[in-house]
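Novice:
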Amino acid sequence: MATLEFTANIQRHVACPRREVAGNTVRAVLDAAFADNPSARTYVLDDQGALRKHINIFVDGVLIRDRIGLTDPVAPDAAVHVFQALSGG
Amino acid sequence: MKFDIATRKGLFSVSRKARGEWQIETAEFLGDNVSMVLNDRRTGTTFAALDHGHFGVKMHAREAGGSWREIATPAYPPKPEGLEENDMWGRPLPWSTVRVWALEPGGSDEPGTLWCGTIPGALFKTRDNGASWQIVEPLWRHPKRREWMGGGADLPGLHSVAVDPRNSRAVTVAVSTGGLWHTDDGGESWSQRGEGMRAEHVPPELTHAPIAQDVHALARCPASPERMWVQHHNGIFVSSDAGRTFHEITEVQPSAFGFAVVVHPTDPDTAWFVPEIKDEKRIPVDGRLVVTRTRDGGRSFETLTRGLPQQHAYDIVYRHALALSEDGTTLAFGSTTGSIYVSEDQGDSWSCVSHSLPPVYCVRFA
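Sequence lines, in order, name chains Y and L. What the first sequence shows, in this note's numbering, is residues 294 to 382, in sequence order. What the second sequence shows, in this note's numbering, is residues 357 to 722, in sequence order.
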């Protein structure tokens with residue numbers, strides 16, 4: 294099981310506790326997480342299911358490459374972090 | 357009497373305490389970008405559109421006496437595989453809600469129905485008071501929709517929705533830029549309206565093309581729905597045939613440029629505007645914040661200044677930030693510099709509610 298952790302900033306809007314999820318791609322991990330927390334989905338993904346523009350996902354510290362298909366592989370014991378870029382005023 | 361103010365950093369509610377005395381009563385969603393607010397008198401529900409930036413656009417609603425809860429947000433349909441659609445800058449057009457730019461109740465005979473205009477230019481409809489939204493496919497799939505361009509924002513945006521009070525299925529919307537679009541059948545079919553408008557910022561062959569018009573705001577007189585007023589990028593236009601044809605009004609001092617317009621609920625000849633210097637500056641003329649009012653269908657305008665700052669005022673009043681009460685007596689507006697002004701005598705005199713709110717996007721009477 295991969296460990297999935299969300300930025301603290303998202304918690305103000307929707308609860309996304311740290312959790313263990315199954316899945317061998319970023320898409321599969323997120324789908325598993327959103328299956329029982331559906332209101333969190335649109336905070337991370339846009340209407341087409343792509344990663345929102347200013348959200349970053351790291352798998353074991355490496356920024357994912359496929360922001361649209363979310364096909365980057367996730368090892369069984371990987372750490373997946375969902376962060377947001379800091380911008381604006 | 358009360359009104360709500362949607363701002364860059366929260367939603368504020370203002371109440372009248374006595375004549376000329378208005379106070380901010382509540383501050384909600386503090387720190388969040390609230391792009392739109394609507395008080396729906398048919399159901400007593402208040403709606404707010406939030407733009408969380410990184411986390412996207414979200415809609416919230418509150419029933420009378422209740423508390424805010426997140427409701428569904430308009431979402432675009434799946435983009436067909438392989439479809440290449442670029443914006444006017446050559447970048448892929450996002451099929452995803454970037455901003456809620458219009459929110460209006462449907463007709464009085466259809467409580468629970470609302471229309472929502474978005475960036476990139478699309479129209480959504482809910483029939484269940486915001487529990488679910490459907491994109492108005494015939495407009496989104498209209499081949500001419502792809503000719504809409506950026507104006508008020510980089511991407512095209514649908515900012516005005518005017519439902520015909522005589523027939524809830526007849527709806528006119530305005531797009532920046534894309535002109536006016538009309539449906540007679542509740543959104544199943546659409547046609548362009550708005551002959552007679554004029555755009556200076558396009559090549560000559562497009563100057564009078566209805567699709568090239570940068571309408572900043574569209575206002576329709578409830579008691580006389582054939583009358584429509586348009587504050588356009590190029591000036592002020594008025595229609596007496598429900599938007600089929602428009603007449604340009606050029607003799608307006610200090611300027612015919614602006615973003616907002618409201619029309620009196622029962623007198624179609626009375627309308628208000630907040631003028632600015634066009635295009636390259638976008639500040640009040642001579643640093644004087646004024647409201648212009650016509651009472652004769654645009655033949656003449658008064659410049660209303662009493663109570664408004666007449667030196668070093670650099671307020672811009674966005675297209676949804678000027679509001680008129682349902683009885684036509686009271687006006688309120690908010691500006692980009694966070695000032696709020698109220699008039700209880702149709703604009704003759706104004707009192708300031710605040711100088712220090714965040715930039716204002718929308719003002720609505722409750």
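Just so it is clear, CB atoms sit at the ideal spot from N, CA and C, and this is done for glycine as well. Remember, predicted model here, so these are calculated numbers, not experimental data.
Figure out for me which residue from L/Gly376, L/Arg720, L/Ala579, L/Ser681 has the closest Cα to the Cα of L/Gly690.
Specialist: In the second sequence, the residue the question calls residue 690 of chain L occupies position 334. Nearest C-alpha to L/Gly690: L/Arg720.
Novice: Is L/Leu495 near L/Leu511, with beta carbons less than 8 Å apart?
Specialist: Position 139 of the second sequence, counted from the start, is the residue given in the question as residue 495 of chain L. Position 155 of the second sequence, counted from the start, is the residue given in the question as residue 511 of chain L. Not in contact: L/Leu495 and L/Leu511 (Cβ atoms no closer than 8 Å).
Novice: Report the CB separation of L/Ala627 from L/Val619 in whole angstroms; it is logged as a contact under 8 Å.
Specialist: Working through the second sequence from its first residue, we reach residue 627 of chain L at position 271. Working through the second sequence from its first residue, we reach residue 619 of chain L at position 263. That belief holds up - the Cβ atoms of L/Ala627 and L/Val619 are roughly 5 Å apart, short of 8 Å.
Novice: Could you tell me the distance, in whole angstroms, from the CA atom of Y/Ala315 to the CA atom of Y/Ala325?
Specialist: In the first sequence, the residue the question calls residue 315 of chain Y occupies position 22. In the first sequence, the residue the question calls residue 325 of chain Y occupies position 32. Going from the Cα of Y/Ala315 to the Cα of Y/Ala325 covers about 7 Å.
Novice: Is the beta carbon of L/Arg483 less than 8 Å from the beta carbon of L/Glu551?
Specialist: Position 127 of the second sequence holds residue 483 of chain L. Position 195 of the second sequence holds residue 551 of chain L. Going by C-beta atoms, L/Arg483 is not nearer than 8 Å to L/Glu551.
Novice: I want to verify the contact list: residues of chain L whose CB lies under 7 Å from the CB of Y/Thr335, in sequence order.
Specialist: Along the first sequence, one-based indexing puts residue 335 of chain Y at 42. The contacting residues are Gly412, Thr429.
Novice: Chain Y beta carbons: is any one of them nearer than 8 Å to that of L/Gly446?
Specialist: Residue 446 of chain L sits at position 90 when you count from the first residue of the second sequence. Not closer than 8 Å to any Cβ of chain Y, the Cβ of L/Gly446 fails to qualify, so no.
Novice: In angstroms with no decimal places, state the Cα-to-Cα distance between L/Ala417 and L/Phe359.
Specialist: Numbered from its first residue, the second sequence carries residue 417 of chain L at position 61. Numbered from its first residue, the second sequence carries residue 359 of chain L at position 3. The alpha-carbon atoms of L/Ala417 and L/Phe359 are separated by roughly 16 Å.
Novice: Measuring CA to CA, which of L/Asp465, L/Gly477, L/Pro461 is closest to L/Trp471?
Specialist: Residue numbering aside, residue 471 of chain L sits at position 115 when the second sequence is read from its first letter. Per the Cα distances, L/Pro461.
Novice: Could you name the residues of the same chain whose beta carbon sits closer than 7 Å to that of L/Val630, not counting the 5 residues immediately before and after it, in chain order?
Specialist: Sequence index remark: in the second sequence, residue 630 of chain L carries index 274 (1-based). Correct list, in chain order: Gly614, Ala616, Val647, Val673, Leu678, Phe689.
Novice: What separation, rounded to the nearest whole angstrom, lies between the Cα atoms of L/Ser516 and L/Met392?
Specialist: Position 160 of the second sequence holds residue 516 of chain L. Position 36 of the second sequence holds residue 392 of chain L. Going by the C-alpha atoms only, they are around 12 Å apart.
Novice: My parser needs the beta strand (DSSP E) runs of 3 or more residues fully inside the segment 317-375 of chain Y; what are they?
Specialist: As far as the segment 317-375 of chain Y is concerned, its whole beta strand (DSSP E) runs of at least 3 residues are 348-352.
Novice: Against chain L, with Cβ distances strictly below 8 Å, would Y/Ile357 count as a contact?
Specialist: Residue mapping note: residue 357 of chain Y aligns to position 64 of the first sequence, counting from 1. With 8 Å as the cut-off, Y/Ile357 does not count as an interface residue toward chain L.
Novice: In chain Y, which residues lie with their C-beta within 9 Å of the C-beta of L/Trp451?
Specialist: Working through the second sequence from its first residue, we reach residue 451 of chain L at position 95. Ordered by position in chain Y, the residues that pass the 9 Å Cβ test against L/Trp451 are Asp339, Asp340, Gln341.
Novice: So, with DSSP's three-state summary, where would you put Y/Arg305?
Specialist: For this step, residue 305 of chain Y is matched to residue 12 along the first sequence. In the structure shown, Y/Arg305 sits in a helix (DSSP, three-state: H, G or I).
Novice: What number of angstroms, rounded off, separates the C-alpha of L/Pro610 from the C-alpha of L/Trp378?
Specialist: Indexing the second sequence from 1 puts residue 610 of chain L at position 254. Indexing the second sequence from 1 puts residue 378 of chain L at position 22. So the alpha carbons of these two residues sit roughly 29 Å apart.
Novice: Of the residues Y/Arg345, Y/Ala368, Y/Ala343, Y/Cys309, which one's Cα is nearest the Cα of Y/Val355?
Specialist: By one-based count along the first sequence, residue 355 of chain Y stands at place 62. Comparing Cα-Cα distances from Y/Val355 to each of Y/Arg345, Y/Ala368, Y/Ala343, Y/Cys309, the minimum goes to Y/Ala368.
Novice: Specify, as a first and last residue, the run of the alpha helix (DSSP H) that L/Leu495 falls within.
Specialist: Indexing the second sequence from 1 puts residue 495 of chain L at position 139. Looking at the DSSP string, the run of the alpha helix (DSSP H) that includes L/Leu495 is 493-496.
Novice: Beta-carbon of L/Pro512 versus every beta-carbon of chain Y: anything under 8 Å?
Specialist: Working through the second sequence from its first residue, we reach residue 512 of chain L at position 156. False, the Cβ-Cβ gap to chain Y never drops below 8 Å.
Novice: Does the beta carbon of Y/Gln377 sit closer than 8 Å to a beta carbon anywhere in chain L?
Specialist: Counted from its first residue, the first sequence places residue 377 of chain Y at position 84. Chain L contact via Cβ: present.
Novice: So, does the segment 437-449 of chain L touch the segment 383-403 of chain L, judging by three or more C-beta pairs under 8 Å?
Specialist: With the cut-off at 8 Å, the segment 437-449 of chain L and the segment 383-403 of chain L do not touch.
Novice: Tell me, please, whether the CB atom of L/Tyr432 is closer than 8 Å to any CB atom in chain Y?
Specialist: Looking up residue 432 of chain L in the second sequence gives position 76. At least one chain Y Cβ lies under 8 Å of L/Tyr432.
Novice: Would DSSP call L/Phe411 helix, strand or coil?
Specialist: Reading the second sequence from its first residue, position 55 is the one you call residue 411 of chain L. Residue state, collapsed to three classes: helix.
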